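Quick note on the working numbering: the sequence shown kicks off at 935 and runs consecutively.
Don't be surprised by glycine CBs; every beta carbon is placed ideally from N, CA and C.
This structure is a prediction, so every number in the text was calculated from the model and none was measured.
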Amino acid sequence: MAYAFLGEGALDYSPCHYGTSRLQLRGPCCDLRGDFIAMLGGTETYGKYVERPFTAVVGAALGMPVANLGCMNAGADAFLHDEAVLGIAARARAVVVQIMGAQNLSNRYYSVHPRRNDRFLGATPLLRAIFREVDFTEFHFTRHMLTTLHATSVQRFEVIAEELRAAWVQRMRALLLQIPGPKVLLWMGAEPPPSPSQRADMALQPLLVDREMIDAVRGEASVYVELRPSLAAIDEGTNGMKFAPLDALAARGLPGPVLHQEVGAALVPVLRKLL
935 MAYAFLGEGA LDYSPCHYGT SRLQLRGPCC DLRGDFIAML GGTETYGKYV
985 ERPFTAVVGA ALGMPVANLG CMNAGADAFL HDEAVLGIAA RARAVVVQIM
1035 GAQNLSNRYY SVHPRRNDRF LGATPLLRAI FREVDFTEFH FTRHMLTTLH
1085 ATSVQRFEVI AEELRAAWVQ RMRALLLQIP GPKVLLWMGA EPPPSPSQRA
1135 DMALQPLLVD REMIDAVRGE ASVYVELRPS LAAIDEGTNG MKFAPLDALA
1185 ARGLPGPVLH QEVGAALVPV LRKLL
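Dropping the structure here:
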């Protein structure tokens, strides 16, 4: 039997699985026998390094169980490949879908792990032909690979980025259409969605997603909510976050307790109208 050493200051996320789902989600598992709300998304929805993610804030305010279906580093593929999680979302009174980056999707140029979508599995011959000078065996993660391609040739990178944008629109639309009930499409970013002229900025999160892409899918949602951190949330930095010393850099790129509180507070009135 193996044991995971959490490290000093690290959180115990009580990881759990729902039914036959192979996705490892944040626990404890939600009671799904009555009415509940479901929230799908990536690392931000999961609430990494935060004791009380916005999913818990919403549940406490509405007095209704919330199934936190946020999955670490997930793209839409993680959920589209998991019938158990889609079944939970279909039964929920309302569903929040966080806008995730476009980098963690399988496409014509490369494939990703079906559950750990940030894991780069391999380049297709088409991608190898476009970037002949790049050794793709060196990459294990999509972001590292894409950052290298961008640094090698911005012009050739844009060919790959266009494929990712098209794949993102197709998969996000498919995901939203799989959810029959009321659904909220949620943008969580340090900046508002960029215009198409800025969409290749590798520093922006969610990566490679712009307002034009959101406009293409938001019609499938009941409500679109766009949230940015307040000055108070920015000033707090990593205060109140729980992480091991080696995770300090990663923690700085994720929302802290104040922003999670703000997101939860913003979602409560929206969801109350949908229930």
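What does the Cβ neighbour count give for residue i, buried or exposed, with the cut at 16 atoms within 10 Å?
i: residue 1011; result: buried
i: residue 1206; result: exposed
i: residue 1004; result: buried
i: residue 1056; result: exposed
i: residue 1116; result: buried
i: residue 1166; result: exposed
i: residue 937; result: In this prediction, residue 937 has a pLDDT of 31, which is less than 50 and means its spatial position is unreliable; what the coordinates show is noted afterwards. Exposed.
i: residue 1072; result: exposed
i: residue 954; result: exposed
i: residue 1137; result: exposed
i: residue 1114; result: exposed
If we ignore side chains and look at the alpha-carbon of each, how far apart do residue i and residue j end up?
i: residue 985; j: residue 1087; result: 41 Å
i: residue 975; j: residue 960; result: 12 Å
i: residue 1130; j: residue 967; result: 44 Å
i: residue 1085; j: residue 1180; result: 27 Å
i: residue 1070; j: residue 1063; result: 12 Å
i: residue 1186; j: residue 1209; result: 35 Å
i: residue 1074; j: residue 1141; result: 18 Å
i: residue 1036; j: residue 1078; result: 14 Å
i: residue 1193; j: residue 1174; result: 11 Å
i: residue 945; j: residue 1089; result: 42 Å
i: residue 1154; j: residue 1109; result: 10 Å
i: residue 963; j: residue 1065; result: 44 Å
i: residue 1047; j: residue 1203; result: 36 Å
i: residue 1020; j: residue 1172; result: 33 Å
i: residue 1083; j: residue 1118; result: 34 Å
i: residue 1143; j: residue 1160; result: 13 Å
i: residue 942; j: residue 1112; result: The predicted model places residue 942 with a pLDDT of 47, which falls under 50 and marks its position as unreliable; any figure quoted below should be read in that light. Answer to the nearest angstrom: the Cα atoms are 41 Å apart.
i: residue 1127; j: residue 947; result: 30 Å
i: residue 1150; j: residue 1123; result: 18 Å
i: residue 1023; j: residue 997; result: 19 Å
i: residue 1095; j: residue 1054; result: 16 Å
i: residue 1016; j: residue 1091; result: 30 Å
i: residue 1025; j: residue 1080; result: 37 Å
Give the single residue among the options whose Cα lies nearest to the Cα of residue i.
i: residue 983; options: 1006, 964 and 963; result: 1006
i: residue 1097; options: 1041, 1129 and 1120; result: 1041
i: residue 1032; options: 1168, 1071, 1152 and 967; result: 1152
i: residue 1121; options: 1099, 1163 and 1054; result: 1163
i: residue 1101; options: 1077, 1044, 1016 and 1174; result: 1044
i: residue 1061; options: 1013, 1093, 1112 and 1078; result: 1093
i: residue 1176; options: 954, 962 and 987; result: 987
i: residue 1058; options: 1170, 1191 and 1068; result: 1068
i: residue 1029; options: 973, 1046 and 1053; result: 973
i: residue 1170; options: 1154, 1015, 1188 and 979; result: 1188
i: residue 1014; options: 998, 1150, 956 and 1054; result: 956
i: residue 1106; options: 1147, 1076, 1124 and 1138; result: 1147
i: residue 970; options: 1000, 949 and 947; result: 1000
i: residue 1076; options: 1009, 1112 and 1125; result: 1009
i: residue 1156; options: 1049, 1184 and 1027; result: 1027
i: residue 965; options: 978, 1178, 958 and 951; result: 951
DSSP puts residue i in a beta bridge; with which residues?
i: residue 975; result: 1004
i: residue 1036; result: Answer is none; residue 1036 lacks a bridge partner.
i: residue 1045; result: 1056
i: residue 897; result: With the chain covering 935 to 1209 only, the question about residue 897 has no answer from this structure.
i: residue 964; result: Bridge partners of residue 964: none, in fact.
(request) Inspect the CB distances between the stretch 988-1006 and the stretch 1195-1204 and report whether three or more fall short of 8 Å. (result) yes
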